[in-house]
Amino acid sequence: MSQTIRTRIAPSPTGFLHLGTARTALYSWAYARHHGGQFVLRIEDTDVARSTQDSVDQIIASMKWLGLDYDEGPIYQMQRLARYQAVVEQMIAAGTAYRCYCTPTELDTMREAQRERGEKTHYDGRWRPEPGKQLPPVPEGVRPVVRFRNPRDGVVTWDDLVKGPISIANQEIDDLIILRPPQEGAAGDALGVPTYNFAVVVDDWDMGITHVFRGDEHVNNTPWQINIFQALGAPLPRFGHCPIILGDDGLKLSKRRGAVSVTAYEEAGYLPEAMLNYLARLGWSHGDEEIFSRDQMVAWFDGSHLSRSPAQWDPAKLAWVNAQYIKQADDRRLADLVRAQLATRGIQASADERMAARCALFKDRCTTVVELADWLEMFQVPVTPAEQDLATHLTDAVRPALVALRDRLAAIDWDKTAIGQAIKDTIAEHKIKMPQLAIPVRVLVCGRAQTPSVDAVLALFDRETVLDRLQHVRAML
Ligand code: GLU
1 MSQTIRTRIA PSPTGFLHLG TARTALYSWA YARHHGGQFV LRIEDTDVAR STQDSVDQII
61 ASMKWLGLDY DEGPIYQMQR LARYQAVVEQ MIAAGTAYRC YCTPTELDTM REAQRERGEK
121 THYDGRWRPE PGKQLPPVPE GVRPVVRFRN PRDGVVTWDD LVKGPISIAN QEIDDLIILR
181 PPQEGAAGDA LGVPTYNFAV VVDDWDMGIT HVFRGDEHVN NTPWQINIFQ ALGAPLPRFG
241 HCPIILGDDG LKLSKRRGAV SVTAYEEAGY LPEAMLNYLA RLGWSHGDEE IFSRDQMVAW
301 FDGSHLSRSP AQWDPAKLAW VNAQYIKQAD DRRLADLVRA QLATRGIQAS ADERMAARCA
361 LFKDRCTTVV ELADWLEMFQ VPVTPAEQDL ATHLTDAVRP ALVALRDRLA AIDWDKTAIG
421 QAIKDTIAEH KIKMPQLAIP VRVLVCGRAQ TPSVDAVLAL FDRETVLDRL QHVRAML
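Positions 1 to 477 (the working numbering) are the ones given, in order, by the sequence shown.
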């Protein structure tokens with residue numbers, strides 16, 4: 001097969017990049033990369049009322065964050081109106097499309113009558129040219145739409161990359177509107193705006209798209225698109241429709257039931273490689289592999305092993321995947337992410353090596369960068385130990401030992417070994433057990449009773465901060 005594989009993702013810029021779109025973008029991208037082909041970003045902005053530049057910017061930012069690099073684009077449909085118009089003119093001339101002058105009121109009446117007769121509502125073809133048919137006279141002042149002259153007979157069949165063979169009878173399919181007139185009051189040379197099913201075909205044709213991965217909700221559109229491809233004499237791409245993603249309540253994942261945008265997960269402290277890994281597994285598998293790199297996915301993703309059944313969004317599994325990636329992540333990179341996270345809380349942290357060391361010490365117990373930042377806040381801003389912790393752990397018996405430890409810490413070299421020794425010496429001197437000393441130290445210095453090994457934690461603070469926070473106990477003596 002010498003054909004160059006070309007795939008695309010074609011989001012509508014009416015909101016953030018949805019997780020479902022991100023997944024099809026990932027499959028399209030991986031498929032192109034696997035075959036040494038190209039991946040195109042197209043912005044389907046023909047819904048002028050709902051499309052915004054802000055959404056375009058968000059979508060591009062999310063693609064970049066996920067590392068889904070495209071070879072062409074963004075290509076905006078609204079910049080291609082003249083092209084759609086030209087194709088429509090050719091189709092009208094060829095008899096595969098026609099102008100329809102039905103007004104909305106007329107269409108309503110038509111549907112109403114069909115409902116009364118117990119028929120499924122459909123366009124009755126009154127403006128559809130047929131050999132020997134007399135069309136109605138063109139009414140004054142009605143701006144026509146253009147409809148595709150869909151074949152009346154036969155069956156549309158394709159071998160879906162995900163779902164296998166699918167057939168739909170042409171009798172089931174109406175003559176679709178492919179071009180709407182320009183808005184009332186638009187400039188005289190304004191062009192009509194194409195509908196999704198038409199623009200998508202012209203674009204996939206012009207852009208040489210060979211494989212289309214998209215969501216299940218488009219299965220019903222594909223027969224129209226195939227018919228239009230055929231009317232244009234354009235080569236058909238292969239289609240793959242990925243099943244919907246269900247929320248943990250078994251219903252379609254939607255805004256009303258939690259975060260559905262890529263941006264939300266970025267903000268919640270997920271790493272892009274973890275999101276990619278998780279999204280990849282949501283509807284595709286390679287044996288039992290759960291954690292794999294982008295390169296591995298590209299090597300494995302040949303369009304097979306795509307699941308036919310809906311995938312279930314599983315926040316706990318995503319958190320687990322993210323935790324695996326946080327464990328493996330470079331500590332300096334984590335430090336930068338934590339600094340950015342703290343900045344959103346109004347906390348400025350300097351870029352020193354200790355921030356990376358703190359990430360190294362705490363990352364094993366975190367599932368997100370946000371959790372890591374929750375831990376590392378204590379190094380930047382004063383802590384407020386809970387009254388209950390102070391009452392439980394700062395017992396009369398242990399206070400003199402805490403004062404003694406503070407004096408020792410004031411005099412030693414500031415490193416983990418020396419701090420560990422100071423703690424051991426204090427325990428021995430005061431005949432107490434390690435937790436009796438270590439827990440109140442944690443409560444005072446870290447604001448919580450549990451942390452990783454206390455000498456390692458203290459060594460990552462400034463000595464002055466530790467001495468200050470331990471000073472608290474002197475006042476209680
Ligand atoms: N704009 C469409 C969507 O976002 C694209 C569908 C397709 O890939 O053909 O659902």
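Positions of the beta carbon are idealized from the N, C-alpha and C atoms, including for glycine.
This one's a predicted model, so the numbers in the text were calculated from it and none came from an experiment.
Could you check the C-alpha separation between residue 240 and residue 75 for me, to the nearest Å?
As a working note, residue 240 is residue 240 in the sequence shown. As a working note, residue 75 is residue 75 in the sequence shown. One C-alpha to the other measures close to 22 Å.
Just verifying my parser: in three-state terms, what is the DSSP assignment at residue 66?
Your numbering for residue 66 matches position 66 in the sequence shown. Residue 66 carries a helical assignment under DSSP once its states are collapsed to helix, strand and coil.
Does the Cβ of residue 12 lie closer than 7 Å to at least one heavy atom of ligand 1?
By 1-based counting over the sequence shown, the position of residue 12 is 12. Yes; taking the cut-off as 7 Å, the Cβ of residue 12 has a heavy atom of ligand 1 nearer than that.
Put residue 255 into one of helix, strand or coil per three-state DSSP.
Locating residue 255 in the sequence shown gives position 255, counting from the first residue. Of the three classes helix, strand and coil, the one that applies to residue 255 here is helix, per DSSP.
Are there any heavy atoms of ligand 1 lying less than 7 Å away from the beta-carbon of residue 126, as far as the coordinates show?
The count along the sequence shown starts at 1 and reaches residue 126 at position 126. Checking every heavy atom of ligand 1 against the Cβ of residue 126, none is found closer than 7 Å.
Would residue 456 and residue 416 be called neighbours here (beta carbons separated by less than 8 Å)?
On the sequence shown, residue 456 is found 456 positions in, with the first residue counted as 1. On the sequence shown, residue 416 is found 416 positions in, with the first residue counted as 1. Yes, these two residues count as a Cβ contact at 8 Å.
Is any heavy atom in ligand 1 found nearer than 7 Å to the beta carbon of residue 52?
The residue labelled residue 52 in the question sits at position 52 within the sequence shown. With a threshold of 7 Å, the Cβ atom of residue 52 does not count as near ligand 1, since no heavy atom of the ligand is closer than that.
Residue 198 - DSSP class collapsed to helix/strand/coil
In the sequence shown, counting from the first residue as 1, residue 198 sits at position 198. In this structure, residue 198 counts as helix in the three-state DSSP scheme.
Let's test the definition: count the other Cβ atoms within 10 Å of the Cβ of residue 305 and tell me whether it reaches 16, buried, or not, exposed.
For the purposes of this step, residue 305 is taken as residue 305 along the sequence shown, with counting starting at 1. Exposed.
For residue 146, write down the residues that DSSP places opposite it in a beta bridge.
Position 146 of the sequence shown, counted from the first residue, corresponds to residue 146. According to DSSP, which records beta bridges pairwise, residue 146 is partnered with 99 and 179.
Are the stretch 332–344 and the stretch 310–317 touching by the rule of at least three beta carbon pairs closer than 8 Å?
They do not touch, by the three-pair rule.
Residue 210: CB within 7 Å of a non-hydrogen atom of ligand 1:
For the purposes of this step, residue 210 is identified with residue 210 of the sequence shown, where counting begins at 1. Residue 210 has its CB no nearer than 7 Å to any heavy atom of ligand 1.
Sequence-distant residues of its chain with Cβ nearer than 6 Å to residue 165 (five each side left out):
Position 165 of the sequence shown, counting from 1, holds the residue named residue 165. Excluding sequence neighbours, residue 165 sits near 159.
Is the separation between the beta-carbon of residue 67 and that of residue 272 shorter than 8 Å?
Within the sequence shown, the letter at position 67 stands for residue 67. Within the sequence shown, the letter at position 272 stands for residue 272. Contact flag set, yes.
CB-CB under 6 Å to residue 96, same chain, minus the five flanking residues each way: which ones, in chain order?
Against the sequence shown, residue 96 aligns to sequence position 96. Taking C-beta separations shorter than 6 Å and ignoring five residues to either side along the sequence, the partners of residue 96 in its chain run 149 and 231, following chain order.
Residue 460 beta carbon less than 8 Å from that of residue 357
Locating residue 357 in the sequence shown gives position 357, counting from the first residue. Locating residue 460 in the sequence shown gives position 460, counting from the first residue. Going by C-beta atoms, residue 357 is nearer than 8 Å to residue 460.
Buried or exposed: which applies to residue 88, given that a residue is buried once 16 or more other Cβ atoms fall within 10 Å of its Cβ?
Looking up residue 88 in the sequence shown gives position 88. With 16 or more Cβ atoms within 10 Å of its Cβ, residue 88 is classed as buried.
Short check: CB of residue 28 to CB of residue 59, under 8 Å?
For the purposes of this step, residue 28 is identified with residue 28 of the sequence shown, where counting begins at 1. For the purposes of this step, residue 59 is identified with residue 59 of the sequence shown, where counting begins at 1. No, they are not a contact pair.
Count the CB pairs spanning the stretch 389–400 and the stretch 358–376 that are closer than 8 Å, and state whether there are at least three.
By the criterion of at least three beta-carbon pairs nearer than 8 Å, the stretch 389–400 is not in contact with the stretch 358–376.
In whole angstroms, what separates the C-alpha of residue 152 from that of residue 94?
Indexing the sequence shown from 1 puts residue 152 at position 152. Indexing the sequence shown from 1 puts residue 94 at position 94. Their Cα atoms are separated by approximately 17 Å.
For residue 270, three-class secondary structure by DSSP:
Reading the sequence shown from its first residue, position 270 is the one you call residue 270. For residue 270, the three-state secondary structure derived from DSSP is coil.
Can residue 310 and residue 243 be called in contact, C-beta distance under 8 Å?
Here residue 310 corresponds to residue number 310 of the sequence shown, with the count starting at 1. Here residue 243 corresponds to residue number 243 of the sequence shown, with the count starting at 1. Closer than 8 Å, so yes.
State the Cα-Cα distance for the pair residue 414 and residue 405, rounded to the nearest angstrom.
Looking up residue 414 in the sequence shown gives position 414. Looking up residue 405 in the sequence shown gives position 405. Going from the Cα of residue 414 to the Cα of residue 405 covers about 13 Å.
Exposed unless 16 or more other CB atoms sit within 10 angstroms - verdict on residue 77
As a first step, residue 77 is located in the sequence shown; it is residue number 77 there, counting from the start. Per the 10 Å Cβ criterion, buried.
From the DSSP output, which residues share a beta bridge with residue 7?
The residue given as residue 7 occupies position 7 in the sequence shown. Paired residues: 39 and 211.
Give me the Cα-Cα distance between residue 111 and residue 56, rounded to the nearest whole angstrom.
Locating residue 111 in the sequence shown gives position 111, counting from the first residue. Locating residue 56 in the sequence shown gives position 56, counting from the first residue. A straight line joining the alpha-carbon of residue 111 with that of residue 56 spans about 37 Å.
Identity of the residue in 408, 378 and 265 nearest residue 16 by Cα
As a first step, residue 16 is located in the sequence shown; it is residue number 16 there, counting from the start. Closest option to residue 16, Cα to Cα, is 265.
Can you tell me whether DSSP reads residue 413 as helix, strand or coil?
On the sequence shown, position 413 is the one that residue 413 refers to. Residue 413 falls in the coil class under three-state DSSP.
Judging by CA-CA distance, which residue of 33, 4 and 11 is the nearest neighbour of residue 302?
Sequence index remark: in the sequence shown, residue 302 carries index 302 (1-based). Checked all of 33, 4 and 11; the closest Cα to residue 302 is 33.
Do the stretch 187–199 and the stretch 160–179 meet, that is, are 3 or more Cβ pairs less than 8 Å apart?
Put simply, the stretch 187–199 touches the stretch 160–179. At least three CB pairs are less than 8 Å apart.
On the premise that residue 170 lies in contact with residue 155, defined as a C-beta separation below 8 Å, what is that separation, rounded to the nearest angstrom?
On the sequence shown, position 155 is the one that residue 155 refers to. On the sequence shown, position 170 is the one that residue 170 refers to. Taking a contact as a CB-CB distance under 8 Å, the pair residue 155 and residue 170 counts as one, their CB atoms being some 7 Å apart.
Beta bridge counterpart(s) of residue 245 as assigned by DSSP
Here residue 245 is taken as the residue at index 245 of the sequence shown, counted from 1. Checking the DSSP bridge columns, you'll see residue 245 partnered with 311.
According to DSSP, simplified to helix, strand and coil, what is residue 186?
For the purposes of this step, residue 186 is taken as residue 186 along the sequence shown, with counting starting at 1. Coil at residue 186, not helix or strand.
When the Cβ atoms of the stretch 319–335 are set against those of the stretch 348–357, are three or more pairs found closer than 8 Å?
The stretch 319–335 is in contact with the stretch 348–357.
Sort 6, 462, 289 and 19 by Cα distance to residue 381 and report the nearest one.
The count along the sequence shown starts at 1 and reaches residue 381 at position 381. Cα-wise, what sits closest to residue 381 is 462.
Residue span of the alpha helix (DSSP H) that contains residue 31, given as start and end:
To locate residue 31, count along the sequence shown from 1; it is residue 31. Where residue 31 is concerned, the enclosing alpha helix (DSSP H) stretches over 19–34.
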